[in-house]
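Residue numbering for the sequence shown follows our numbering, beginning at 8 and increasing consecutively.
As structure tokens, the structure follows; a few thoughts come after it.
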Amino acid sequence: MLLEIISPETTLYSGEVKKIVFPGQEGSFGVLENHAPMIAALQKGDVEFETTDGKEEKIEVKGGVVEILNNKVLVLAE
8 MLLEIISPET TLYSGEVKKI VFPGQEGSFG VLENHAPMIA ALQKGDVEFE
58 TTDGKEEKIE VKGGVVEILN NKVLVLAE
């Protein structure tokens, strides 16, 4: 699935990933391929993800919104 993390200044990440864990307002939640469509608010924390080659990465966000639709995950980060 495609993950894009965008801040007001720049694109922080854009690429294919296997799984993602988000710092949700109501607690952390994970996303895998073919996840149901959803929109959720994020709190300050790390967006953790595994790339298709198995590398684990994380990007800190200060909050924001995530949209999941048709194996595309868009994060509008603060």
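Quick reminder that beta carbons are idealized off the backbone N, C-alpha and C, glycines included.
Quick caveat: nothing in here was measured; it's all calculated off a predicted structure.
Counting along the chain, S35 sits inside the beta strand (DSSP E) bounded by residues 34-39. By the Cβ neighbour-count rule, L10 is buried, with 16 or more other Cβ atoms within 10 Å of its own.
Residue pairing by DSSP places M45 opposite I75 in a beta bridge. Per the DSSP secondary-structure output, K65 pairs in a beta bridge with E55. The beta carbon of H42 sits closer than 6 Å to those of I75, all from its chain and outside the five residues before and after it, given in chain order.
Note on geometry: alpha-carbon atoms of Y20 and F56 lie some 11 Å from one another.
The beta-bridge partner set that DSSP reports for L81 consists of E11, E74. Annotation for E23: the continuous beta strand (DSSP E) segment containing it runs 18-31.
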